[in-house]
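Protein chains in written order, with my numbering: chain A, 449 to 750; chain B, 449 to 750.
Even glycine gets a Cβ: it sits at the ideal position worked out from N, Cα and C.
2 protein chains.
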Amino acid sequence: MSTTPWSGGAAYMHGRYMPLEEAAIPVTDLAYRRSDVTYDVVGVWGGAFFRLDDHLRRFRKSMTALRLDPGVSDDEIRTVATECVRRTGLREAYVAMDCLRGAVKPGMPRHPLNCQNYLLVYAMPWVWAISPEVQERGAHLIIAKTPRIPEASVDPTVKNFHWGDLTRGLMEAYDRGADTCVLLDYEGFVTEGPGFNVFSVTGGVVATPDRGALEGITRMSVIELCEGLGIKSEIRRISAMELRDADEIFLATTAGGIMPAARIDGRIMGNDRPGPISAKLRETFWAKRAQGWHATPIDYGA
Amino acid sequence: MSTTPWSGGAAYMHGRYMPLEEAAIPVTDLAYRRSDVTYDVVGVWGGAFFRLDDHLRRFRKSMTALRLDPGVSDDEIRTVATECVRRTGLREAYVAMDCLRGAVKPGMPRHPLNCQNYLLVYAMPWVWAISPEVQERGAHLIIAKTPRIPEASVDPTVKNFHWGDLTRGLMEAYDRGADTCVLLDYEGFVTEGPGFNVFSVTGGVVATPDRGALEGITRMSVIELCEGLGIKSEIRRISAMELRDADEIFLATTAGGIMPAARIDGRIMGNDRPGPISAKLRETFWAKRAQGWHATPIDYGA
């Protein structure tokens, strides 16, 4: 791939495509100034989207929940996302779609319902939430002291940028020499981490929280993989103690796939390496991806 | 004042002044994408800042709490804020100062501590959080069903854009035909509303919450005004029931001053007008402002 103005990323806003570095939002936009925005992120691997329709469905559900309407159909978003990737020429890309609240329409009272909502889509080179090197050795986790924002205040199933608690958790992880963190709810049950779902493995059974977390698309894929591999999986509450005592832990996200952990709060799990079930799921995930599982190929020649 | 490119507002970022409409932040900036940012807002009225040093002190405290460092001193921020207002020529202005997390420095691991933080300042025409007409008749409030994000997750004394709960509260207010809302904490005590502190008046005593809310500069001014007028004031917990049964309620914010309410959850307080203590405080507040109380005059000729 040659270097073009699009190599660093391509964005779309207000009916126009532009190099990612030119894509900026007004400082008075409520999407910035009130974090009044929802988004989704779909991955492109080997020149194909992964579970694009699932992401579009979740994105639409999030917009509806926040009473946001960018005035575009799912088909139009699909077309724009494809064109962004095509312009970059990237075979592996991180594709974000945001619906922003926008600014208050001229002459209207200052209220979020009086704003011109709009769509922003961009594709950029693939980003690893956790580097492949750390995934190979197994991530070092902490359970953060900062609790996750409760669902009744901000719904975590509506993907959002309310990351103050997660950022604080990342600071805690940094101070304790860990790679990343897991947050608990106010009752001490596991929720999620900064950008990923959490899974425990105990006695050969895979479990992930039933609330307080995003309903991740990769999380859904983990459940499907478990079915295919004959591994029992459960969606239910997980206490901090259960997580700390787990045989294995792994994380799941679009920007990283299935990411095994090796330590939690300083405790070494197994042989300080990704556990066998985590490693098997990760390996199967990428093998199936390479075979076109849930893939929507991109026509780069268009 | 003549119309110039600066009439709509003036902004400063990265060492450069620009018309407000040109001020935009990259879509990949963590200040937008993780709401990893703090800010403050100082008012200009009659050509002078109100309590500028108090705002600068709080802004610095907020930055420190989030481990943000824009690499500029308070004196530099004061100079930039003054220059922004001067360029607009506005005698009444809303002046925002943000410290943004920024993007990850090239070649550094993806972590908030590896970002280039920076300052954004802008001045724009004065904005009323609640219009003067509504203030005259008294605002219609509701107590929202959405609870405020708890302090342990996101500290409300560190001014932030985590407004998902407040925006939901505004939607509830809209649906119930009210002007704005007050949010409770998870134990049912009053916190704050979208951009303002809340005060109840019962039996001649003014009270405002001691936790779960921003330590507002106008709130501080209310306490000082009460002392001067011989009105007893208390900073303590206020239950939803106490607020619903109050003789009077008023709100306080930079972008509005002291703003009386007339109704709460449909109940009419007094004679459906601002109560006498609220009205007296509001009148005294603006009279003292006109006399140069806590004022830092701006030299527009510079």
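Remark: C-beta atoms of ILE590 of chain A and VAL638 of chain A do not approach each other more closely than 8 Å.
Chain-order list of chain B residues neighbouring TYR570 of chain A: VAL475, THR476, by C-beta distance under 9 Å.
The Cβ atoms of ILE578 of chain B and MET707 of chain B sit closer than 8 Å to each other.
Listed in chain order, the positions of the stretch 538 to 572 of chain B with a beta carbon within less than 9 Å of a beta carbon of chain A are ALA544, ASP546, ARG549, PRO557, ARG558, HIS559, PRO560, LEU561, LEU568, TYR570, MET572. Taking 8 Å as the cut-off, the Cβ atoms of GLU620 of chain A and ALA592 of chain A count as close. Contact annotation: in the stretch 585 to 618 of chain A, residues whose CB is within less than 9 Å of a CB in chain B are LYS593, THR594, PRO595, ARG596, ILE597, PRO598, ALA600, SER601, VAL602, ASP603, VAL606, ASN608, PHE609, HIS610, TRP611, GLY612, ASP613, LEU614, THR615, ARG616, LEU618.
When rounded, the separation of the alpha-carbon atoms in VAL670 of chain A and ILE683 of chain A is 11 Å. GLU635 of chain A: not part of any alpha helix (DSSP H); DSSP gives it neither H nor E. In the three-state DSSP reduction, ASN719 of chain B falls in the coil class, being neither helix nor strand. Contact between the stretch 526 to 544 of chain B and the stretch 490 to 503 of chain B is present, with at least three C-beta pairs closer than 8 Å. Apart from sequence neighbours up to five positions away, the residues of its chain that approach ARG558 of chain B with a beta-carbon distance below 7 Å are VAL552, ordered along the chain. A distance below 8 Å between beta-carbons, with the five flanking residues on each side excluded, links ARG715 of chain A to the following residues of its chain, in chain order: ARG692. Comparing alpha carbon positions, the residue from B:ILE525, B:ARG508, B:MET572 closest to GLY456 of chain B is B:MET572. Cβ-Cβ separation between LEU631 of chain B and GLY617 of chain B: approximately 5 Å, consistent with a contact (criterion under 8 Å).
Taking the Cα positions, GLY555 of chain B is about 22 Å away from ALA471 of chain A. For the pair ASP627 of chain A and LEU561 of chain B, the Cα-to-Cα distance works out to about 13 Å. Between THR744 of chain A and LEU500 of chain A, the C-beta gap is smaller than 8 Å, which places the two residues in contact. Using a Cβ distance threshold of 8 Å, ILE746 of chain B and THR536 of chain B do not count as a contacting pair. Bounds of the beta strand (DSSP E) holding HIS588 of chain A are 587 to 591.
Taking 8 Å as the threshold, the shortest C-beta distance from ASP488 of chain B to chain A does not fall below it.
Taking ASP633 of chain B as the centre and dropping the five residues before and after it, the same chain places the C-beta of ARG596, THR639, GLY660 closer than 6 Å to its C-beta, in chain order. By the rule that beta-carbons nearer than 8 Å mark a contact, ALA700 of chain B does not touch chain A. Chain-order list of chain B residues neighbouring TYR622 of chain A: HIS559, LEU561, by C-beta distance under 8 Å.
Taking all protein chains in view, the Cβ of PRO453 of chain B is surrounded by fewer than 16 other Cβ atoms within 10 Å, so the residue is classified as exposed. If you look at ALA688 of chain A, you'll find it in the alpha helix (DSSP H) that goes 688 to 692.
Comparing alpha carbon positions, the residue from A:SER601, A:ASP603, A:GLY678, A:HIS588 closest to TYR622 of chain A is A:HIS588. With a cutoff of 8 Å on beta-carbon distance, THR701 of chain A and GLY643 of chain A are scored as near each other. In the DSSP annotation of this structure, the continuous segment of the alpha helix (DSSP H) that includes PRO724 of chain A starts and ends at 724 to 738. A Cβ of chain B is located within less than 8 Å of the beta carbon of TYR480 of chain A. Under a criterion of Cβ atoms nearer than 9 Å, the residues of chain B adjacent to ASP484 of chain A are, in order, PHE609, TRP611, GLY612, THR615. Straight through space, the alpha carbons of LEU614 of chain B and THR527 of chain A are spaced by roughly 34 Å. Residue burial is scored here from C-beta neighbours: THR486 of chain B has at least 16 other C-beta atoms within 10 angstroms and is therefore classed as buried. When the five nearest sequence neighbours on each side are left out, the beta carbons in the same chain lying within less than 6 Å of the beta carbon of ASP517 of chain B are those of ASN565, in order along the chain. Short of 6 Å from the beta carbon of GLY463 of chain A, and not among the five residues preceding or following it, lies no beta carbon of its own chain. Only those residues of the stretch 451 to 469 of chain B whose C-beta falls short of 9 Å from the nearest C-beta of chain A are listed: GLY457, ALA459, MET461, LEU468, GLU469.
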